[in-house]
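Protein sequences, first through last, are from chains F and G.
Following the working numbering, the numbering of the first sequence begins with 7 at its first residue and continues without gaps.
Following the working numbering, the numbering of the second sequence begins with 7 at its first residue and continues without gaps.
Cβ coordinates follow ideal geometry from the N, Cα and C atoms, glycine included.
Below is one structure, written out as structure tokens, with a few remarks after it.
Number of protein chains: 2
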Amino acid sequence: MKADVFIELKEGVADPEGEATKKALRLLGFKNVKSVSTVKVFRIDIDARNKDEAEEELKAMCEKLLANPVIQKYKIEWVE
Amino acid sequence: MKADVFIELKEGVADPEGEATKKALRLLGFKNVKSVSTVKVFRIDIDARNKDEAEEELKAMCEKLLANPVIQKYKIEWVE
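Written as structure tokens, this is what we have:
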């Protein structure tokens, strides 16, 4: 089973990479860009008996390694 | 309008960050992980008259700045 694990910044946390990207896009002439934020995605292929079991495991991975709970939140989306 | 621009590595391009993440997850005991690959997402809020126009502009952004066409491909998904 394949899932996309989205790691994004919580509301109110500064996103300097997104800000820099927005500035660069505007300098290149893309004046319609209102905001840019960045998200990290881990596409994880996992063996499990069912989606519930896999989702439990993916949540544990986020809490133990993939996300920093102080500034980031995560979301799991199934690809297949 | 908000779009998620997914920047992922082309087939066959090494993904050391994904490999390292897989190793770390397995060391933590997540033995069911078969593979991990990483994708970068730029969530872009853009002003445009319609989605076609915005999509053209987002493609231009990818080609000029966001993606490296030698090793990366991009995909645009509408959030709202």
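Judged by DSSP secondary structure, F:E83 falls within the beta strand (DSSP E) whose first and last residues are 78 to 84.
Interface residue (Cβ-Cβ distance to chain G less than 7 Å): F:D21 is not classified as such.
Taking C-alpha positions only, G:I82 is separated from G:L71 by approximately 15 Å. For F:K46, the secondary structure class from DSSP, reduced to helix, strand or coil, is strand. Assigned with DSSP and collapsed to three states, F:A54 falls in coil, not helix or strand. The beta carbons of F:L64 and F:I50 sit about 7 Å from each other, so the pair counts as a contact at 8 Å.
Under a criterion of Cβ atoms nearer than 9 Å, no residue of chain F is adjacent to G:I77; the nearest Cβ is some 16 Å distant.
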